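Each residue of the sequence shown is one higher than the last, beginning at 22 in the working numbering.
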Amino acid sequence: MSLISRLNPQALRVAGTKATINYGLNKLRFPAAVPVGSDIRTKVELVDVTSVDDKRILATYKTTVEINGQDKPACVVENLAMYVA
């Protein structure tokens with residue numbers, strides 16, 4: 022779970038913002054354990070975007086942490102990011 026905030030910015034680039042704030046998590050699940058030495062990757066899907074005010078936008082992403090060679094993901098979570106213009 023601690024890797025999500027590190028891996029997601031590599032997949033998501035939001036132009037025109039001064040700051041990105043990790044705003045929290047929803048619906049956190051761990052369907053499978055990650056074996057030692059396994060390769061993992063994240064799959065990110067934009068679920069919702071809400072304007073908070075004229076300078077802030079709240080985005081909800083569904084992030085799935087996949088384990089190479091495994092059917093079940095290691096983690097499925099909705100993570101929230103606040104973008105400040």
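For glycine and all other residues, C-beta sits at the position ideal for the given N, C-alpha and C. Treat the numbers as computed from the prediction; the structure is a model and nothing was measured.
My understanding is that Ala95 touches Val35, with C-beta atoms under 8 Å, so please give their C-beta distance in whole angstroms. As a position in the sequence shown, residue 95 is number 74, starting the count at 1. As a position in the sequence shown, residue 35 is number 14, starting the count at 1. Not really, about 25 Å apart at Cβ, beyond 8 Å.
Does the beta carbon of Gly58 fall short of 7 Å from some heavy atom of the ligand FAD? Absent from the structure shown: the ligand FAD. Ligands present: none.
Check this for me: beta carbons of Ile78 and Val65, under 8 Å apart or not? For the purposes of this step, residue 78 is taken as residue 57 along the sequence shown, with counting starting at 1. For the purposes of this step, residue 65 is taken as residue 44 along the sequence shown, with counting starting at 1. No, Cβ-Cβ distance for Ile78 and Val65 is not below 8 Å.
Just verifying my parser: in three-state terms, what is the DSSP assignment at Ala80? Looking up residue 80 in the sequence shown gives position 59. Ala80: strand per DSSP, three-state reduction.
Secondary structure of Ser72, DSSP reduced to three states: For the purposes of this step, residue 72 is taken as residue 51 along the sequence shown, with counting starting at 1. It is a strand residue.
In the structure shown, what three-state DSSP assignment does Thr38 receive? One-based indexing of the sequence shown puts residue 38 at position 17. It is coil, neither helix nor strand.
Distance check for Thr41 and Leu49, CA to CA, integer angstroms please. Numbered from 1 along the sequence shown, position 28 holds the residue referred to as residue 49. Numbered from 1 along the sequence shown, position 20 holds the residue referred to as residue 41. One C-alpha to the other measures close to 21 Å.
Look up Lys93 in the DSSP assignment and say whether it is helix, strand or coil. Along the sequence shown, one-based indexing puts residue 93 at 72. Correct three-state label for Lys93: coil.
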